[in-house]
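The sequence shown begins at 70 in my numbering and counts up by one.
Cβ atoms here follow ideal geometry from the backbone N, Cα and C, with glycine treated the same way.
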Amino acid sequence: MTSSFRITLLPGDGIGPEITAVARRLLDAVSRRHGFQLEYDEQPMGGSAIDASGEPLPASTLAACRASDAVLLAAIGAPRYDALPRQQRPESGLLALRAGLGLFANLRPVKIVPALVGASSLKPEVIEGVDLLVVRELTGGVYFGNPKGRVEADGHVRAFNTMAYSDYEIDRIARVGFDLAGQRGGRLCSVDKANVLEVSQLWRDRVEAIHAAEYPEVQLSHMYVDNAAMQLVRAPRQFDVILTSNLFGD
Numbered sequence: 070m071t072s073s074f075r076i077t078l079l080p081g082d083g084i085g086p087e088i089t090a091v092a093r094r095l096l097d098a099v100s101r102r103h104g105f106q107l108e109y110d111e112q113p114m115g116g117s118a119i120d121a122s123g124e125p126l127p128a129s130t131l132a133a134c135r136a137s138d139a140v141l142l143a144a145i146g147a148p149r150y151d152a153l154p155r156q157q158r159p160e161s162g163l164l165a166l167r168a169g170l171g172l173f174a175n176l177r178p179v180k181i182v183p184a185l186v187g188a189s190s191l192k193p194e195v196i197e198g199v200d201l202l203v204v205r206e207l208t209g210g211v212y213f214g215n216p217k218g219r220v221e222a223d224g225h226v227r228a229f230n231t232m233a234y235s236d237y238e239i240d241r242i243a244r245v246g247f248d249l250a251g252q253r254g255g256r257l258c259s260v261d262k263a264n265v266l267e268v269s270q271l272w273r274d275r276v277e278a279i280h281a282a283e284y285p286e287v288q289l290s291h292m293y294v295d296n297a298a299m300q301l302v303r304a305p306r307q308f309d310v311i312l313t314s315n316l317f318g319d
C-alpha cells in the first residue's frame with residue numbers, strides 16, 4: 070500500500086510563491102523516487118491573507134495546518150504592511166501559527182559546506198569543520214509574555230514587554246536539546262543571562278535539574294548570551310548543541 074501525506078503550503082508574500090513552486094517540484098520528485106504520494110493544500114497567510122480576509126492568519130488556515138502531516142511556510146511580510154497596527158501585521162500571524170500548532174522547538178543547524186568556506190566573512194581556519202545545532206524555545210519568553218504594550222503618562226510614552234517562562238516550558242525544550250546532544254557529539258551548552266535575569270536563573274536551575282535526573286551522560290556547560298555571541302564568531306567549533314530561550318535564540 071502506497072503511503073500518502075498531506076502538506077499545507079503557505080506561500081505567503083514576496084518571493085514566497087516562487088520558492089514554494091520550486092519546493093513543490095522537488096517534493097514531487099522525491100515522492101516519485103521513494104514511492105509515496107503527496108497531497109497539497111495551499112492556504113493564505115501573512116500579507117496575502119490580510120489582502121483576502123483582513124487577518125494575517127485566518128482560522129481556516131490554522132485548521133488546515135492542524136489537519137496536515139506537515140506545513141511548508143515560505144516567506145511573509147512586505148514594507149507596505151508596516152503602517153498597520155503591530156497586531157495586524159503579517160508577522161503576528163507567524164507568532165500565532167507557532168502558538169496554535171504548539172511549535173515550541175526551533176532547530177537551527179549550522180554546518181559548513183567545504184565548497185562555501187570562502188564565501189564566509191570568517192577566516193577559513195575558524196569555520197572549517199563547524200557542525201552545531203541551535204535549539205531555540207519558540208512559544209514562550211518575551212515574544213509571548215504578558216503584560217505588554219504602551220502607556221502615556223506625564224507627557225511621556227512608556228513601552229514594555231514581559232519575559233516569562235514556566236518550569237514546564239523550560240523542561241520540555243531542555244529534553245529536546247539533551248536528546249539531540251545524545252544523538253550528536255554528547256555536548257550541550259545552555260545560553261542564558263542568569264547573572265542578571267530572574268527568568269534566566271530559573272532557566273539554568275531547570276536545565277541543571279533535567280540534566281542531573283535524566284541525561285547525566287551528556288556534557289553540560291553554561292554560557293552568558295553576550296559571551297556566546299562572541300564565541301560563535303571566535304571559535305564556533307567548540308559548540309555541539311546550543312540550548313537557549315526565544316529571544317536569545319533569535
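Return the bridge partner residues of residue i from the DSSP annotation.
i	result
I76	Y109 and A139
L201	V179
G81	A144
M292	V260
A228	R219
T313	R205 and V260
Classify residue i as helix, strand or coil using the three-state DSSP reduction.
i	result
R158	coil
V287	coil
F308	coil
W152	Looking at the sequence itself, residue 152 is Ala, so the reference to Trp does not match. The answer is coil: DSSP assigns A152 none of H, G, I, E or B.
A278	helix
A174	strand
E124	coil
D236	helix
D319	coil
S100	helix
M299	helix
S117	helix
R253	coil
G214	coil
T130	helix
L191	coil
L271	helix
L163	helix
V265	coil
T89	helix
Could you pull out every residue in the same chain whose Cβ sits closer than 6 Å to the Cβ of residue i, ignoring the five residues on either side in sequence?
i	result
V140	T77 and C134
H280	L289
P159	G115, G116, P125, I145, G146 and Y150
R177	V203
P127	A118
R227	V220
R167	L207 and T208
S72	F105
For the ligand ADP, is there a heavy atom less than 7 Å away from the beta-carbon of residue i?
i	result
V199	Because no ligand of any kind appears in the structure shown, any question about the ligand ADP cannot be addressed here.
Quick one: what's got a C-beta closer than 7 Å to residue i's C-beta in the same chain, skipping five residues either side?
i	result
A111	The question names Ala, but residue 111 is Glu in the sequence shown. Contacts found: L78 and P80.
V174	Position check: residue 174 holds Ala in this sequence, whereas Val was assumed. Only V204, L207, I242 and V245 meet the Cβ criterion.
S265	It should be noted that the sequence gives Val, not Ser, for residue 265. Correct list: empty, nothing qualifies.
L163	I145
G169	L131
N230	V211, G214 and K217
F308	L201 and C258
S137	R75, I76, T77 and D110
L249	L202, V204 and V310
Please return the same chain residues whose Cβ sits closer than 8 Å to the Cβ of residue i, not counting the five positions on each side in sequence.
i	result
G293	Residue identity differs from the one stated: residue 293 is Tyr in this sequence, not Gly. Only V260, D261, K262, A263 and N264 meet the Cβ criterion.
G251	Y284, E286 and V287
Original post:
Does the stretch 278 to 290 touch the stretch 251 to 265, meaning 3 or more C-beta pairs lie closer than 8 Å?
Top reply: yes
Original post:
Within the chosen definition, does the stretch 228 to 239 reach the stretch 268 to 286 through at least 3 CB pairs nearer than 8 Å?
Top reply: yes
Original post:
Counting pairs of Cβ atoms below 8 Å between the stretch 113 to 120 and the stretch 143 to 158, do you hit three or more?
Top reply: yes
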